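Residue numbers (the working numbering), protein chains in the order written: chain A, 405 to 957; chain B, 5 to 318.
Here it is in structure tokens:
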């Protein structure tokens, strides 16, 4: 059974959105943010709302909740009906009463969505305080009950904990408990698993499904991850810049998408099948890491505390022009290894040989000549470029530091802009004038300016939409082929790893559990952990790009 | 946590030692003969000799320092050159009015400023916000004595509700009498702190109100007042606390103008009088006490952060 194929023809309609239009203030004279959106969700149904960033998914959910930012977005047309209640006609206090009692919502980032200075038990209880007249004991019993329903361990302890004392998965369980404690008719989940590791994601998805089954809740699930959609949706609605372009039952949509936009969205989903292996290179390895160890912390003034062993005995080599993927979940030590290679931090022990020089323990001054051979592209292109500098200034800073004449560096920067697919005049503009994907191209150009031997890409495409992700991966590939750069690609996303890496190294809690050619490791994993990672990857049995089951050629 | 407090208390020792050395050298390193400075222009050589003898100024510097530190550690801050009373007694008489006034001022300022700042942030860019911001500019820029005399003019002279000046100790005359006399000077002093704390509260709240957990609270159908005061304000507390703490320390070290306007026998006037009269032992004691106040208040602020934010653990 690949997809859900439940029939909702007889089910009661929970939510109807009719021709909903949301606009910016009239003064902005902009086209509407949502343009006549209509959708229906029935009891027990899971409706997935998909689309790229900026397509209006979250605005739709906030409009249903009555939580559009004041003075910024206004409902200018249409109706939202919850069972028989017209939500847009409700007074603010009536709407406040409906929230959590009849419509509840969970958010993307459970760390920031929970109040950091309030115990999580109290945060759940607050829902009951606001909407019921239960006694303190009854409230507490209800809170404990719902915490057990979301399968939190050691409920008594967690009840007293603060959000920062819990894991990401536990925090999201708290959010779900909070949303479902009053058994609402509709649950809106806005990218609830995007910030979680794949194995945690799988647990959260099955938890939502379980509770939905139990309480008959209708679920509106917002996501950009087609894998998750394939896993959980009954019906899918596709949005594109404020318009609903297509909707269909899940299987119909994945097998026979009608709109070009939907087809392109599906084609961009990276396949879990590793790309064809490239010819093995000749020549010496550019980067050799030997028995790398990194221990954070420890010490202490009065008491000696044990440190965190973030990387244990990590050894690998990468040859010129090859891409090594370091794959793992949060806390696996993959970023620690990346930072050691970059020498942003000094490893506790081990060697990092860059073209035969061990840079692991060089001082700041000794490192300087080697720095230009090591460049990095970070995850968040919104924060990795100085917002007050023009792109040109950011690009030439490195080469000028190493003695290139500014004019010459600027000429090279202009060439690079074209190579990464941006107009030459981008150099005079500022980062905020570019989209996320364009900024990541700029970040890559900045790194390539230094003509590095090794480029470390730390989750460099994780913040991007899939279509943009595919383009950036292509760019990295092209640059590698024309310039012979070695890439160390850090990612938590197995699909991405499968598309770009020649070799893969899987890390778990600081230890390398498996390494080898990508084709071997991902297609035929040996270690239990690698297997569990691949099994947890949502939608792994479906070949999105070809609209069919995997292997059904 | 206990270890942290202990470490912080131990760290007070070197800080205060440096202050003490500075205070000691203040008199000794001033150009000229300290005895001559103390005795004034008209002193005879015999008088100078007597002063040197009495203060141990003819002994080596190091001996003088240890003698001075020894008596300091026993709580002996010396004797006033003007009145001849022990400095500890003088400060003991003056410190309570100052502390009482400072407490009342801070309580009034917080009670007015925090709700003002919260409201301004909640109604960002509305007339409420603009009114609060305008008031804070006014509160900063109008001199304290102008506000003081204005209050006297309105509340004491025109309306006749409150006395023009004077101070009543709460322990001797009762709380009601104390408040009756202290309310105007405290309000005067509070003006600038209201401006400061309201601005800080507004800025900090504005930041917090944009956070995801505020949206979560609203999505839970929590009442807006509760969103503001239970969810937002506590998260916004740390910078507000810092301003309140520093403000309190400033108040303890004395507020000369207000004490003068309302004729309150506090620390501020004692300090100014001592400086004008070159009463060195009193000046030295005041520097020591002011520094100690800052160090202790800062420690209390740092510890209080943990009460408001459980993520802060030392």
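Just so it is clear, CB atoms sit at the ideal spot from N, CA and C, and this is done for glycine as well.
Keep in mind that this is a model prediction, so the values were computed, not measured.
Judging by CA-CA distance, which residue of the options is the nearest neighbour of residue i?
i                      : options                    : result
residue 424 of chain A : A:485, A:942, A:552, A:824 : A:485
residue 434 of chain A : A:441, A:654, A:476, A:640 : A:476
residue 185 of chain B : B:61, B:155, B:5, B:118    : B:155
residue 634 of chain A : A:815, A:928, A:655        : A:655
residue 510 of chain A : B:54, B:189, B:221, B:80   : B:221
residue 662 of chain A : A:648, A:675, A:673, A:674 : A:648
residue 951 of chain A : A:659, A:487, A:418        : A:659
residue 468 of chain A : A:448, A:456, A:500        : A:500
residue 274 of chain B : B:94, B:55, B:79, B:63     : B:94
residue 695 of chain A : A:954, A:521, A:916, A:457 : A:916
residue 939 of chain A : A:763, A:907, A:632, A:712 : A:632
residue 315 of chain B : A:788, A:650, A:830, A:515 : A:515
residue 644 of chain A : A:430, A:715, A:453        : A:453
residue 771 of chain A : A:935, A:555, A:756, A:892 : A:756
residue 901 of chain A : A:412, A:919, A:544        : A:919
Does DSSP put residue i in a helix, a strand or coil?
i                      : result
residue 866 of chain A : coil
residue 821 of chain A : helix
residue 932 of chain A : helix
residue 104 of chain B : helix
residue 754 of chain A : strand
residue 921 of chain A : strand
residue 536 of chain A : coil
residue 730 of chain A : strand
residue 266 of chain B : helix
residue 126 of chain B : helix
residue 765 of chain A : coil
residue 99 of chain B  : helix
residue 804 of chain A : helix
residue 677 of chain A : coil
residue 292 of chain B : helix
residue 554 of chain A : coil
residue 165 of chain B : coil
residue 958 of chain A : This structure gives no information on residue 958 of chain A, because the portion of chain A shown stretches from 405 to 957.
residue 587 of chain A : coil
residue 788 of chain A : coil
residue 778 of chain A : strand
residue 46 of chain B  : coil
Please classify residue i as buried or exposed, where buried requires at least 16 other C-beta atoms within 10 Å of its C-beta.
i                      : result
residue 461 of chain A : buried
residue 933 of chain A : buried
residue 70 of chain B  : exposed
residue 145 of chain B : exposed
residue 828 of chain A : exposed
residue 608 of chain A : buried
residue 519 of chain A : buried
residue 149 of chain B : exposed
residue 416 of chain A : exposed
residue 651 of chain A : buried
Just to check, is the beta-carbon of residue i closer than 7 Å to a non-hydrogen atom of the ligand FAD?
i                      : result
residue 227 of chain B : You won't find the ligand FAD in this model; it holds no ligand whatsoever.
Assuming residue i and residue j make a contact with CB atoms under 8 Å, what is their CB distance in whole Å?
i                      : j                      : result
residue 752 of chain A : residue 698 of chain A : 5 Å
residue 894 of chain A : residue 738 of chain A : 5 Å
residue 941 of chain A : residue 860 of chain A : About 24 Å; that fails the 8 Å criterion.
residue 646 of chain A : residue 904 of chain A : With 8 Å as the limit, residue 646 of chain A and residue 904 of chain A do not qualify as a contact, their Cβ atoms being about 32 Å apart.
residue 845 of chain A : residue 880 of chain A : About 10 Å; that fails the 8 Å criterion.
residue 585 of chain A : residue 612 of chain A : Residue 585 of chain A to residue 612 of chain A, Cβ: 15 Å. No contact.
Is the Cβ of residue i closer than 8 Å to any Cβ of chain D?
i                      : result
residue 429 of chain A : Of the chains in the structure shown, none is chain D; the protein chains are A and B.
- So, do the segment 196-206 of chain B and the segment 86-105 of chain B have three or more beta carbon pairs nearer to each other than 8 Å? For the pair of segments examined, the segment 196-206 of chain B was found not to touch the segment 86-105 of chain B: the number of CB pairs separated by less than 8 Å stays below three.
- Check whether the segment 559-572 of chain A touches the segment 478-496 of chain A, counting contact only when three or more Cβ pairs, one atom from each stretch, lie closer than 8 Å. The segment 559-572 of chain A, when compared against the segment 478-496 of chain A, does not touch it at the 8 Å Cβ threshold.
- Query: Contact between the segment 533-545 of chain A and the segment 564-571 of chain A: three or more CB pairs below 8 Å?
  - Reply: In short, these stretches do not touch, since the Cβ pair count stays below three.
- Query: Three or more beta-carbon pairs under 8 Å between the segment 664-679 of chain A and the segment 910-926 of chain A, yes or no?
  - Reply: Touching, yes.
- Message: Using a Cβ distance threshold of 8 Å, determine whether the segment 617-629 of chain A contacts the segment 587-607 of chain A, with at least three qualifying pairs required.
- Response: At 8 Å Cβ cutoff, the stretches touch.
- Should the segment 803-819 of chain A be regarded as contacting the segment 715-724 of chain A, the criterion being three or more beta carbon pairs within less than 8 Å? No: fewer than three Cβ pairs fall under 8 Å.
- Any 3 or more C-beta pairs closer than 8 Å across the segment 24-34 of chain B and the segment 304-312 of chain B: The segment 24-34 of chain B vs the segment 304-312 of chain B: no contact.
- Message: With a threshold of 8 Å, are at least 3 pairs of Cβ atoms found where one atom belongs to the segment 291-299 of chain B and the other to the segment 253-266 of chain B?
- Response: Output reads yes: the segment 253-266 of chain B touches the segment 291-299 of chain B.
- Message: I'd like to know if the segment 490-508 of chain A and the segment 439-449 of chain A are in contact, where contact means that at least 3 CB-CB pairs between them fall below 8 Å.
- Response: In this structure the segment 490-508 of chain A does not lie against the segment 439-449 of chain A, because fewer than three pairs of beta carbons, one per stretch, are closer than 8 Å.
- Message: Does the segment 205-212 of chain B come into contact with the segment 186-195 of chain B, if we say contact requires no fewer than three beta-carbon pairs (one atom in each stretch) closer than 8 Å?
- Response: With the cut-off at 8 Å, the segment 205-212 of chain B and the segment 186-195 of chain B do not touch.
- Message: When you compare the segment 167-175 of chain B with the segment 90-109 of chain B, are there three or more beta-carbon pairs, one atom per stretch, that lie closer than 8 Å?
- Response: Contact holds between the segment 167-175 of chain B and the segment 90-109 of chain B, because three or more Cβ pairs, one in each stretch, are under 8 Å apart.
- Message: For the pair the segment 118-133 of chain B and the segment 231-243 of chain B, tell me if three or more CB-CB distances fall below 8 Å.
- Response: Cβ pair count under 8 Å is three or more, so yes.
- Query: Would the segment 771-778 of chain A and the segment 853-872 of chain A be scored as touching if the rule is three or more Cβ pairs under 8 Å?
  - Reply: The segment 771-778 of chain A, when compared against the segment 853-872 of chain A, does touch it at the 8 Å Cβ threshold.
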